[in-house]
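Student: Here you go, one structure.
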Amino acid sequence: MHDIGGVPRFLCEPVDVSPHALTGFDKQADALRQILGAKGIMSVDELRRGIEAIPEAEYHRLGYYQRWVRAMAETLLRKGVLSEAELRAALAT
Amino acid sequence: MSLAADIDSPRLLAALLDVLAAKGIAAPEEIAARIEITDRASPALGAAMVARAWTDPAYRALLLADGSRAAEALGITMRGLPPLGVLANGDGVHHLVVCTLCSCYPRAVLGYPPFWFKSAGYRARAVRDPRGLLADFGTVLAPTTRIRVVDSTADYRWMVLPERPAGTEGWDAARLAALVREGDMIGVTLVQVGVPTGSPS
Amino acid sequence: MTLAPGCAVRVRDDWPERRGPCHIRTPHYLRGHVGEVVRHLGDFANPEDLAFGRPAPPRPLYHVRFQQTALWPDGRAGDELLVEIFAHWLEPTQ
């Protein structure tokens, strides 16, 4: 589903070539990914694996950096870097 | 459904940042510093490399042999980053870079990947209908030009060394660099004289 | 074993994604197709292991060139694809 080179479904999809500025959310997500990689907490390959594990309908609904955030959260939970309880507590504040 | 799937992305990111800051993994200052460093990379870096290659044959040879060392020669930090490969347009061959699997992009020398590079249409069409894709960018190649599409699947990051446009004889590197746009270095556009930089590429 | 530039190679017609969770860097559209080694790009930790946090020994990575006409029914003669592929995805052609 991420492996879309030459896939007929997208062959008629025009490309939006206009400039799109990144948002603060995008840049924060990007920076966090870099820090997790640099510190050896989560590799870029683990991020990709996490993105590829997002169910197809959701993959196409989510924006680019939304997928990253989703994959980072799933990966960090799975690896025990943080717990569901810790994440719930932070969401409640 | 997992916890992460139920939460909208901005809330989820804010919560992740809270927890990771509390654990000492990613302090807000580290995030801010990382954003600042990332913002510093822009197509101007790649453009400077291209202009130098157009005016200095020894640098052109280095650029094509080892893009990372050529970037470092201009003061760009490449340590710890994926190796940079550079492919020269010319002799009837035009290179077009895509990452069909995700969005691998020569960020060290071009900055954040543009929106179009990450889009499904771009990723799907580049490998199968490159000429149709180029038309979306207003780019038409000579029918005799062969396209070599570069699918950036693994550990390298690829940049295109575009052809120097006619009418720029005698120009210095700074003036040449101002002509080169990000799309020229991915192969979706051709360097043109008289197109203001910063226009959609 | 190092593959020399110019060697004809076939991308393995293997579909590990159908057998369970995996992460691979060999695009679907190349599986089973024949290309030509352009050069050895170096040895890199295997992403298939890195993605799962396993020890990831370095594997040779090659730049391999394919003819568009060999990949797509609507491919244009003369146009090509250049793709990074790990050695363990390549097999010699007969």
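Chains as they are written, first to last, in the working numbering: chain A, 136 to 228; chain B, 5 to 205; chain C, 221 to 314.
For each residue, glycine too, the CB sits at the ideal point set by N, CA and C.
#1: Can you check whether the CB of B:T157 is closer than 8 Å to the CB of C:E304?
#2: Please go through the same chain and pick out, in chain order, the residues whose beta-carbon is closer than 6 Å to the beta-carbon of B:P166, but skip the five residues on each side of it.
#3: Under three-state DSSP, which class holds B:R132?
#4: Whole-angstrom Cβ separation of C:W309 and C:R232, contact assumed at under 8 Å?
#5: Between B:D176 and chain A, is any beta-carbon pair separated by less than 8 Å?
#6: Tell me, to the nearest whole angstrom, how far the beta carbon of B:S123 is from that of A:V204; I am working on the premise that it is less than 8 Å.
#7: Taking Cβ-Cβ distances shorter than 9 Å, what residues in chain B pair up with A:D165?
#8: Note the first and the last residue of the continuous alpha helix (DSSP H) segment covering B:P14.
#9: Let's test the definition: count the other Cβ atoms within 10 Å of the Cβ of A:G215 and tell me whether it reaches 16, buried, or not, exposed.
#10: Using a 10 Å radius around the Cβ and a threshold of 16 neighbouring Cβ atoms, would you call A:E221 buried or exposed?
#11: Which residues, taken in chain order from the stretch 271-283 of chain C, show a beta carbon closer than 8 Å to some beta carbon of chain A?
#12: Is it true that the stretch 101-121 of chain B meets the stretch 40-54 of chain B, where meeting means three or more beta-carbon pairs spaced less than 8 Å apart?
#13: So B:V90 contacts chain C; which residues on that side make the cut at Cβ distance below 7 Å?
#14: Using the C-alpha atoms, what's the distance from C:F286 back to C:E311?
#15: Any residues in the stretch 145-178 of chain B with a beta carbon nearer than 8 Å to a beta carbon of chain C? Which ones, in chain order?
#16: Closer than 6 Å by C-beta to B:G171: which residues in its own chain qualify, once you throw out the five before and the five after it? Chain order, please.
#17: Do the stretch 141-160 of chain A and the stretch 122-136 of chain B touch if we need at least three Cβ pairs shorter than 8 Å?
#18: Can you list, in chain order, the residues of its chain with a C-beta nearer than 8 Å to that of B:M5? Leave out the 5 residues immediately preceding and following it.
#19: Could you check whether the stretch 258-270 of chain C touches the stretch 162-181 of chain A, counting it as contact only if at least three pairs of C-beta atoms, one from each stretch, sit closer than 8 Å?
#20: Could you tell me which chain C residues have their CB closer than 7 Å to the CB of B:V192, listed as they occur along the chain?
#21: Of the residues that make up the stretch 235-246 of chain C, which ones have a beta carbon closer than 8 Å to any beta carbon in chain B?
#22: Can you give the Cα-Cα distance for B:A181 and B:E173, rounded to whole angstroms?
#23: Any idea if B:A57 is buried or exposed, counting beta-carbon neighbours within 10 angstroms, 16 or more meaning buried?
#24: Using 8 Å as the cut-off, can you tell me whether the stretch 274-285 of chain C makes contact with the stretch 248-263 of chain C, which would need three or more C-beta pairs spanning the two stretches below that distance?
#25: Measuring only between beta-carbons, confirm whether A:E209 sits less than 8 Å from chain C.
#26: Which parts of the stretch 161-191 of chain B are runs of the beta strand (DSSP E), unbroken and 3 residues or longer, counting only runs that do not cross its ends?
#27: What do you get for B:S205, buried or exposed, if any count of 16 or more other CB atoms within 10 angstroms of its CB means buried?
#28: Mind checking A:H195: buried by the 16 CB within 10 Å criterion, or exposed?
#29: What is the C-beta distance between B:A75 and B:L66, in whole angstroms, given that I count them as a contact (C-beta under 8 Å)?
#30: Do you know offhand how far B:A45's Cα is from B:P117's?
#31: For A:Y200, name the three-state secondary structure that DSSP assigns.
#32: Under 8 Å between the Cβ atoms of C:Q288 and C:L301?
#33: Kindly list, in the order they appear in chain B, the residues whose Cβ is closer than 9 Å to that of C:P267.
#34: Measure the C-alpha to C-alpha separation of B:V153 and A:A224 and round it to an integer number of angstroms.
#35: What span of residues does the alpha helix (DSSP H) with C:P267 cover, start to end?
#36: Run down chain A in chain order and give the residues with a C-beta less than 7 Å from the C-beta of C:H253.
Tutor: Reading off the structure:
#1: yes
#2: N93, D188, V195
#3: coil
#4: 5 Å
#5: no
#6: That belief does not hold up - the Cβ atoms of B:S123 and A:V204 are roughly 19 Å apart, past 8 Å.
#7: R38, I39, T42, Y116
#8: 13-26
#9: exposed
#10: buried
#11: A271, F272, G273
#12: yes
#13: Residues of chain C passing the Cβ test: none, with the nearest at roughly 13 Å.
#14: 15 Å
#15: R150, I151, R152, V153, V154, D155, S156, T157, A158, D159, Y160
#16: V197
#17: yes
#18: Unreliable positioning characterises B:M5 in this predicted model, as indicated by a pLDDT of 47, which lies under 50. The coordinate reading is nonetheless provided below. Same-chain partners within the cutoff: there are none.
#19: yes
#20: Ordered by position in chain C, no residue passes the 7 Å Cβ test against B:V192, which lies about 16 Å from the chain.
#21: R245, T246
#22: 14 Å
#23: buried
#24: yes
#25: no
#26: 161-165
#27: Any reading at B:S205 must be qualified, since the residue scores a pLDDT of 43, below 50, and its modelled position is unreliable; the value itself is stated next. That one is buried.
#28: exposed
#29: Actually they do not touch by this definition, with Cβ atoms about 10 Å apart.
#30: 11 Å
#31: helix
#32: yes
#33: A158, D159
#34: 48 Å
#35: 267-270
#36: Going along chain A, no residue has its Cβ under 7 Å from C:H253, so there is no contact; the nearest lies around 12 Å.
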